[in-house]
Amino acid sequence: MTPAKKRLIIAMTGATGAIYGVRMLQILREQPDWESHLVISQAGLVNLKYELDMDRATLYALADVTHGINDIASSIASGSFKTEGIVVAPCSMKTLAAIAHGFGDNLISRAADVALKERRKTVLIPRETPLNLAHIRNMAAVTEMGGIIYPPMPAFYNKSDSLRSMVDEGVGRILDMFGLEIDGLYRPWQGLEKEKS
0 MTPAKKRLII
10 AMTGATGAIY
20 GVRMLQILRE
30 QPDWESHLVI
40 SQAGLVNLKY
50 ELDMDRATLY
60 ALADVTHGIN
70 DIASSIASGS
80 FKTEGIVVAP
90 CSMKTLAAIA
100 HGFGDNLISR
110 AADVALKERR
120 KTVLIPRETP
130 LNLAHIRNMA
140 AVTEMGGIIY
150 PPMPAFYNKS
160 DSLRSMVDEG
170 VGRILDMFGL
180 EIDGLYRPWQ
190 GLEKEKS
């Protein structure tokens with residue numbers, strides 16, 4: 000009997016940074032033991048077109064399974080559907096607020112709510128700056144529930160020379176949280192002495 004694939008939900012919202020969700024889907028597509036489940040908001044589709052000149056069909060082709068934003072009867076809306084968790088990449092402040100307050104108004108906030116209640120890894124990549132107090136309090140609320148707030152901040156010690164390498168570093172570190180280590184995406188810090196040698 001073939002072992003079941005590990006499932007990871009990738010949710011994309013209208014915040015800037017669509018490349019993070021797209022890059023995760025591209026990498027997951029190459030992993031035979033993983034199955035990606037994609038859900039994207041309407042604002043996310045607008046942003047996808049604006050930032051990457053990519054349409055829905057091209058994005059959907061990267062995912063193993065796609066779900067409609069309003070399909071609350073979808074498999075990922077239930078805790079009985081086993082996943083490794085969810086990454087909201089990028090995460091708008093509206094979606095952050097919905098997740099922080101358990102307001103499952105669409106499939107993204109519902110799937111995140113499910114991941115939190117089932118104690119599954121929930122990683123949000125918020126894209127907003129500067130932050131107001133409501134944003135910070137919502138991030139604190141998600142953290143207190145067991146979620147992980149991962150702003151896409153590059154590590155400059157890697158001396159990244161391109162946007163792609165900066166994105167790959169963040170994506171690599173996030174996927175590493177789910178036990179998926181991909182060689183070449185980023186270089187972990189080894190200590191100053193090893194860096195000099």
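Quick note: numbering that gives the first Met the number 0 has the sequence shown finishing at residue 196, numbered continuously throughout. Using N, Cα and C, we set each Cβ at its ideal position, and we do this for glycine too. As the structure is a computational prediction, the values presented were derived from the model and not from experiment.
Euclidean distance between Cα positions of residue i and residue j
i, j, result
"Ile124", "Asp63", "22 Å"
"Ala3", "Asn69", "27 Å"
"Thr142", "Met92", "15 Å"
"Asn157", "Arg186", "7 Å"
"Leu61", "Thr128", "29 Å"
"Ile9", "Leu106", "12 Å"
"Tyr49", "Val86", "22 Å"
"Ser164", "Met152", "12 Å"
"Met137", "Ile148", "Correcting the residue identity first, residue 137 is Asn in this sequence and not Met. The straight-line gap from Cα to Cα measures roughly 10 Å."
"Gly78", "Asn46", "29 Å"
"Lys5", "Gly190", "33 Å"
"Arg126", "Glu192", "34 Å"
"Leu132", "Thr94", "16 Å"
"Ala140", "Asp182", "34 Å"
"Val21", "Met11", "9 Å"
"Leu172", "Ala72", "Residue identity differs from the one stated: residue 172 is Arg in this sequence, not Leu. Straight-line Cα distance between these residues: approximately 32 Å."
"Glu117", "Ala76", "12 Å"
"His134", "Met144", "16 Å"
"Ala42", "Pro150", "20 Å"
C-beta atoms of residue i and residue j nearer than 8 Å
i, j, result
"Leu58", "Ser35", "no"
"Pro89", "Ala14", "yes"
"Thr82", "Arg119", "yes"
"Thr121", "Leu130", "no"
"Ile26", "Leu174", "yes"
"Leu184", "Val170", "yes"
"Ala99", "Leu51", "no"
"Glu168", "Ser159", "yes"
"Leu24", "Leu44", "no"
"Gly101", "Phe177", "no"
"Ala97", "Asp104", "yes"
Residue span of the beta strand (DSSP E) that contains residue i, given as start and end
i, result
"Gly84", "Gly84 to Cys90"
"Met23", "Run containing Met23: none in the beta strand (DSSP E); it sits in the alpha helix (DSSP H), Ala17 to Arg28."
"Leu123", "Lys120 to Pro125"
"Leu7", "Lys5 to Met11"
Opening and closing residue of the alpha helix (DSSP H) in which residue i lies
i, result
"Thr142", "Leu132 to Glu143"
"Leu162", "Leu162 to Met176"
"Lys116", "Leu106 to Lys116"
The segment 13-31 contacting the segment 100-112, beta-carbon criterion three pairs below 8 Å: No, the segment 13-31 does not touch the segment 100-112.
At what residue ranges does the segment 25-85 contain a whole run of the alpha helix (DSSP H), taking only runs of 4 or more? 41-51 and 55-59
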